[in-house]
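S.K.: Residue numbers (my numbering): 47 to 359.
We treat Cβ as the ideally placed atom computed from N, Cα and C, and that holds for glycine.
Treat the numbers as computed from the prediction; the structure is a model and nothing was measured.
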Amino acid sequence: MSTERILVIGANGQIGKVLFPALQELWGKDNVTAADIRPVFDGEGIFEVLDATEPKAIYALLSRHKITQVYHLAAILSAKAEENPLSSWEINTRTLLNVLETGRECKVSKLFIPSSIAVFGPSAPRTKVPQNTFLDPSTAYGISKVATETWIAYYRRKYNLDVRSIRYPGVLGYQSMPGGGTTDYAVDIFYKAVKGEQYTCFLEKDTRLPMIYMNDAIRATLELMQASPENLSVDMAYNVASLSFTPEELGTAIRKYIPAFQITYVPDYRQTIAHSWPESIDDSVAQKDWGWQPKFGLDEVVRDMLEHLSNHS
Ligand code: VAH
47 MSTERILVIG
57 ANGQIGKVLF
67 PALQELWGKD
77 NVTAADIRPV
87 FDGEGIFEVL
97 DATEPKAIYA
107 LLSRHKITQV
117 YHLAAILSAK
127 AEENPLSSWE
137 INTRTLLNVL
147 ETGRECKVSK
157 LFIPSSIAVF
167 GPSAPRTKVP
177 QNTFLDPSTA
187 YGISKVATET
197 WIAYYRRKYN
207 LDVRSIRYPG
217 VLGYQSMPGG
227 GTTDYAVDIF
237 YKAVKGEQYT
247 CFLEKDTRLP
257 MIYMNDAIRA
267 TLELMQASPE
277 NLSVDMAYNV
287 ASLSFTPEEL
297 GTAIRKYIPA
307 FQITYVPDYR
317 QTIAHSWPES
327 IDDSVAQKDW
337 GWQPKFGLDE
347 VVRDMLEHLS
357 NHS
């Protein structure tokens, strides 16, 4: 019988929807609680409606369920955040501080709060961005994620709170429709391809971005959270890399399975966001500290996405 009691905040989100059952598998269904501000939950298990901008609500939930680990995934992503920069800053940082402070007060043993490659800006190298580099993001989302990482390091150093984080690349998976992310073109394209439709991409064809398949993103998260604390040398968030591709390369890979698939390019404001991010990431520190190794390359991603979406279209 596990003594670990897990809370997933943002369980209705792109990553939360997949991480929740993976944590149930690891810790037992009765030991994992899903929480989200949206009251509709299509997962199976313990669910609570939670507004993470309310610290008392988080405190009550941590106490009621005797939570020992928190995965805080709720955030406004890049494209949506650019439409409402100030309210996204308020939501992303308010919920962050509420989770850190209530986690400290309730003596939670471990917390996971994701960051993103959106923390990198024009001062970072365009390729193989190192773990330690100057962070000058040009998006509201990236600014909130630099603040996230800085607060994580503060709580680790000042309170010895075991908070861990990963700079997720663009995450793609078949489990949910695209959300408010700039990299979500790489999800939407598959939904169109399996319906025999052409895809109009909001990025230029040669926009290369670091990406990660959902299976690898979830495994990286669980492996980091199970790593021995003494092996972890990073107080902010770990660079994690998997694959990098352009919309044109993705379209070509899809055509291997759907020869008639066509993609056209009509860049919008999200091109500016994508262009501010690097093309590839150096994750040698994650490899050294906790043995990170990706498994899904572009062909495996395309095959798995089409297999799952074709069965459900
Ligand atoms: C977004 N999917 O597009 C997120 C991610 C690197 C981008 O953080 O906003």
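Can you tell me the Cα-Cα spacing of N138 and S190, whole angstroms?
M.R.: When rounded, the distance between both Cα atoms is 6 angstroms.
S.K.: For D76 versus I92, is the C-beta spacing smaller than 9 angstroms?
M.R.: Yes, the Cβ-Cβ distance between D76 and I92 is below 9 angstroms.
S.K.: Let me make sure I understand the geometry here. Which of P293, S326, A306 and F307 has the alpha-carbon closest to that of Q317?
M.R.: Among P293, S326, A306 and F307, the Cα nearest to that of Q317 belongs to P293.
S.K.: Excluding the 5 residues flanking R140 on each side, which residues of the same chain have their C-beta closer than 7 angstroms to its C-beta?
M.R.: Once the five neighbours on either side are set aside, the close Cβ partners of R140 are T99.
S.K.: DSSP three-state label for A120, please.
M.R.: Looking at A120 - three-state DSSP - the assignment turns out to be coil, as it is neither helix nor strand.
S.K.: Of all the beta strand (DSSP E) runs that stay within the bounds of the stretch 256-324, which reach a length of 3 or more residues?
M.R.: Counting whole runs of 3 or more residues, the stretch 256-324 contains the beta strand (DSSP E) stretches 289-291 and 309-311.
S.K.: What is the residue span of the beta strand (DSSP E) that A170 lies within?
M.R.: Note, A170: premise wrong, no beta strand (DSSP E); not H, not E.
S.K.: Thinking C-beta only, is K174 closer than 9 angstroms to S326?
M.R.: Yes, Cβ-Cβ distance for S326 and K174 is below 9 angstroms.
S.K.: Can you tell me whether A57 is helix, strand or coil according to DSSP?
M.R.: Here A57 sits in coil by DSSP.
S.K.: Report yes if the C-beta distance between A170 and L255 is below 9 angstroms; otherwise report no.
M.R.: Against a cut-off of 9 angstroms, the Cβ pair of L255 and A170 comes out as no contact.
S.K.: Cα separation between G188 and S124?
M.R.: Taking the straight line joining both Cα atoms gives about 7 angstroms.
S.K.: What three-state label does DSSP hand D97 in the structure shown?
M.R.: Residue state, collapsed to three classes: coil.
S.K.: From which residue to which residue does the alpha helix (DSSP H) around I198 run?
M.R.: First-last of the alpha helix (DSSP H) with I198: A186 to Y205.
S.K.: Check whether the Cβ atoms of T194 and L142 sit closer than 9 angstroms, and answer yes or no.
M.R.: A contact, by the Cβ cut-off of 9 angstroms.
S.K.: DSSP three-state label for Y105, please.
M.R.: Y105: helix per DSSP, three-state reduction.
S.K.: Relative to ligand 2, is the shortest distance from any of its heavy atoms to the C-beta of I327 smaller than 8 angstroms?
M.R.: This structure lacks ligand 2; its bound ligands are ligand 1.
S.K.: What is the C-beta distance between V78 and I52, in whole angstroms, given that I count them as a contact (C-beta under 8 angstroms)?
M.R.: About 4 angstroms; that satisfies the 8 angstroms criterion.
S.K.: Pull up the distance between the alpha-carbon of E353 and that of K302, whole angstroms please.
M.R.: Rounded to the nearest angstrom, the two C-alpha atoms are 13 angstroms apart.
S.K.: Below 9 angstroms between beta carbons: does that hold for P160 and A121?
M.R.: Yes.
S.K.: Compute the minimum distance between the beta carbon of I235 and the heavy atoms of ligand 1, and state whether it is under 8 angstroms.
M.R.: No, ligand 1 has no heavy atom inside 8 angstroms of this Cβ.
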